[in-house]
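Contents: one structure, followed by commentary.
Protein chains in written order, with this note's numbering: chain V, 412 to 653; chain F, 14 to 195.
Given below as C-alpha cells:
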C-alpha cells in the first residue's frame with residue numbers, strides 16, 4: 412500500500428526544464444482560471460447566464476473583501492488579490508480530484524505566495540509613505556518606557572506574517588489530504604484483512620466521504636482566509652498609521 | 014529526515030509499494046523548479062487576468078450598473094413628465110371649472126336681471142291697472158254717493174206724498190235732509 416505522503420511527491424515530467432507534475436498542475440490551474448472566466452464572460456450578457464453569474468460573484472466577492480479591508484484605494488491591488496484568490500482556490504479544488512496533485516500542499520509554493528504579498532506590502536509601503544511606513548511598528552499613544560517592547564512585538568508580529576500565512580494554507584492542505592489518504596487506506600487494509608475486519612471496511616469509507624466534504628470546505632475556506640489576510644496586510648501598506 | 018532524503022535520492026523507481034520516501038514538501042532540491050514554474054505561471058496568470066479577464070468582467074458589471082442607472086434616470090424623467098402632465102391637466106381642469114362657474118354666474122345674473130326687468134314691468138303694469146281700477150271705483154263711489162241725496166229726496170218726498178197726499182216743496186225736503194246729514 413502506498414504511503415499517505417506519496418501523493419505529495421514531485422515527479423519530473425520534462426527534467427531538462429525542471430517541468431514536474433507540480434508545474435503541470437500550476438499551469439492547469441491557471442488555464443482553468445483564465446479559460447473558465449473567458450468562457451463564462453464570452454457573451455458579455457447584461458442579464459448573466461449561470462457561468463457568467465459565477466464569474467461575477469467571484470469578482471464581486473473578492474472586490475468586496477478588498478474594499479471592506481482597505482477602502483476604495485485598495486482596488487489598485489485588485490488584480491493581484493483576485494489572481495491570488497483564484498490561484499489558491501483553483502489549486503486547492505483541483506487537488507481534491509482523486510489522483511491530482513495539490514500545488515498548495517507544498518510549503519515552498521505557499522511561502523512564495525505569502526512572500527509575494529508581504530513583498531508587495533513592504534515595497535508599496537516604502538514607495539508610497541517612505542519612512543512613515545515604519546510608523547506601522549510604533550503605535551501612537553504608548554508610554555515611552557513601553558515603546559521598545561511594543562516595537563519589538565510589532566516587528567516580530569510583522570515578520571511572522573509570511574510564515575503564518577504560508578503555513579496555514581500548506582498545513583491545511585497537507586493534513587487534509589493525508590487524513591483522506593489514511594482513511595481511504597484503512598478501507599483497503601480492512602478489505603484485505605478478511606474475516607470480521609472486512610465487515611468494518613465501510614466505516615472508514617463513510618469517514619473518507621465525510622472528510623471529502625470537509626476538505627472541499629477547507630479548500631474554499633483557506634483560499635478565502637489567504638485572501639482576507641492579504642487584504643488586511645495590504646491595508647497596512649495603504650494606511651500605515653495605527 | 015536527512016536520512017529519508019538520501020534514501021529517496023538513491024531510490025530510483027518512484028511509486029514503489031512500501032518505498033521509504035522522504036517528506037516531499039521538505040525536499041529542498043525540488044524548490045527551485047517549483048519556484049520557477051510558480052513564477053512563470055503566476056506572472057502569466059496575473060498578466061492575463063489584469064489585462065484581459067478582469068477588464069472584461071468589470072466592464073460587464075460596470076456596463077450593467079450604468080445601464081441600470083440610466084434606465085432609472087429615464088424612469089425618473091418619465092415620471093416627472095407624467096407628473097407635469099398631471100399637474101397641467103389639473104390646472105386646466107380647475108381653469109375650466111372656474112370658467113364654467115363664471116359662465117354660470119354670469120348667466121344667472123343675466124337671467125335674474127332679465128326677470129327683474131320683466132317683474133318690474135309687470136308690477137308697474139299691475140300698479141297702473143290697480144290705480145286705474147281704484148280711480149274707477151272711487152269715481153263710481155262718488156257718483157253713487159251723489160245719487161244718494163237725490164234718492165233720499167225722491168224717497169222722502171214720495172213717502173211724504175203718500176202720507177200727506179200732496180208733494181212737499183223740494184226746498185223743504187232739501188233743508189230737512191241737510192239738517193239730518195249735519
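Glycine is no exception: its CB is placed at the ideal position from the N, C-alpha and C atoms.
Same chain, Cβ closer than 7 Å to residue i, neighbours up to 5 away in sequence not counted
i                      : result
residue 29 of chain F  : Legend: pLDDT at residue 29 of chain F = 42, less than 50; position of this residue unreliable, value from coordinates given subsequently. No residues qualify anywhere along the chain.
residue 15 of chain F  : The predicted position of residue 15 of chain F is uncertain, since its pLDDT is 42 and thus under 50; a value taken from the coordinates is nonetheless stated next. Taken in chain order, the list of residues that qualify is empty.
residue 640 of chain V : 576
residue 611 of chain V : 601
residue 609 of chain V : 601, 602
residue 451 of chain V : 462, 463, 465, 466
residue 134 of chain F : none
residue 121 of chain F : none
residue 173 of chain F : 181
residue 94 of chain F  : none
residue 540 of chain V : 651
residue 187 of chain F : 166
Own chain residues within Cβ distance below 8 Å of residue i, not counting five before or after
i                      : result
residue 427 of chain V : none
residue 440 of chain V : 498, 501, 502, 505, 514
residue 165 of chain F : 190
residue 183 of chain F : 166, 170
residue 425 of chain V : none
residue 478 of chain V : 485, 486
residue 54 of chain F  : none
C-alpha gap between residue i and residue j, whole angstroms
i                      : j                      : result
residue 75 of chain F  : residue 474 of chain V : 13 Å
residue 72 of chain F  : residue 466 of chain V : 13 Å
residue 420 of chain V : residue 569 of chain V : 32 Å
residue 437 of chain V : residue 89 of chain F  : 51 Å
residue 147 of chain F : residue 131 of chain F : 24 Å
residue 519 of chain V : residue 44 of chain F  : 6 Å
residue 605 of chain V : residue 597 of chain V : 13 Å
residue 495 of chain V : residue 476 of chain V : 13 Å
residue 104 of chain F : residue 144 of chain F : 58 Å
residue 102 of chain F : residue 84 of chain F  : 26 Å
residue 87 of chain F  : residue 471 of chain V : 27 Å
residue 535 of chain V : residue 562 of chain V : 21 Å
residue 521 of chain V : residue 593 of chain V : 24 Å
residue 58 of chain F  : residue 445 of chain V : 7 Å
residue 37 of chain F  : residue 555 of chain V : 48 Å
residue 97 of chain F  : residue 631 of chain V : 55 Å
residue 193 of chain F : residue 180 of chain F : 20 Å
residue 485 of chain V : residue 647 of chain V : 11 Å
residue 626 of chain V : residue 635 of chain V : 14 Å
residue 108 of chain F : residue 119 of chain F : 16 Å
residue 527 of chain V : residue 39 of chain F  : 20 Å
For residue i, the first and last residue of its enclosing beta strand (DSSP E)
i                      : result
residue 425 of chain V : 423 to 425
Opening and closing residue of the alpha helix (DSSP H) in which residue i lies
i                      : result
residue 114 of chain F : 67 to 177
residue 521 of chain V : 518 to 540
residue 50 of chain F  : 44 to 61
residue 587 of chain V : 558 to 604
residue 632 of chain V : 613 to 649
residue 186 of chain F : 183 to 194
residue 608 of chain V : 607 to 610
Nearest neighbour of residue i, chosen from the options [CA to CA]
i                      : options                    : result
residue 517 of chain V : V:491, V:432, V:454, V:450 : V:432
residue 624 of chain V : V:609, V:486, V:587        : V:587
residue 621 of chain V : V:630, V:603, V:591        : V:591
residue 509 of chain V : V:571, V:531, V:418        : V:418
residue 448 of chain V : F:52, F:86, F:66, F:135    : F:66
residue 523 of chain V : F:180, F:119, F:51         : F:51
residue 565 of chain V : V:549, V:461, V:617, V:638 : V:549
residue 435 of chain V : V:558, V:608, V:512, V:643 : V:512
residue 46 of chain F  : V:423, V:452, V:455        : V:423
residue 616 of chain V : V:532, V:595, V:635, V:627 : V:595
residue 544 of chain V : V:618, V:651, V:481        : V:651
residue 530 of chain V : V:425, V:556, V:554, V:491 : V:491
residue 415 of chain V : V:560, V:567, V:589        : V:589
residue 644 of chain V : V:469, V:453, V:480        : V:480
residue 628 of chain V : V:457, V:613, V:507        : V:507
residue 468 of chain V : V:493, V:483, V:599        : V:493
residue 642 of chain V : V:456, V:488, V:430        : V:488
Other residues of its chain near residue i: CB distance less than 6 Å, five sequence neighbours each side excluded
i                      : result
residue 707 of chain V : There is simply no residue 707 of chain V to check, as chain V begins at 412 and stops at 653 in what is shown.
residue 633 of chain V : 580, 583
residue 443 of chain V : 501
Any alpha helix (DSSP H) of 4 or more consecutive residues that is wholly inside the region 414 to 497 of chain V: For the region 414 to 497 of chain V, whole alpha helix (DSSP H) runs of length 4 or above, ordered along the chain, are 432 to 451, 461 to 481.
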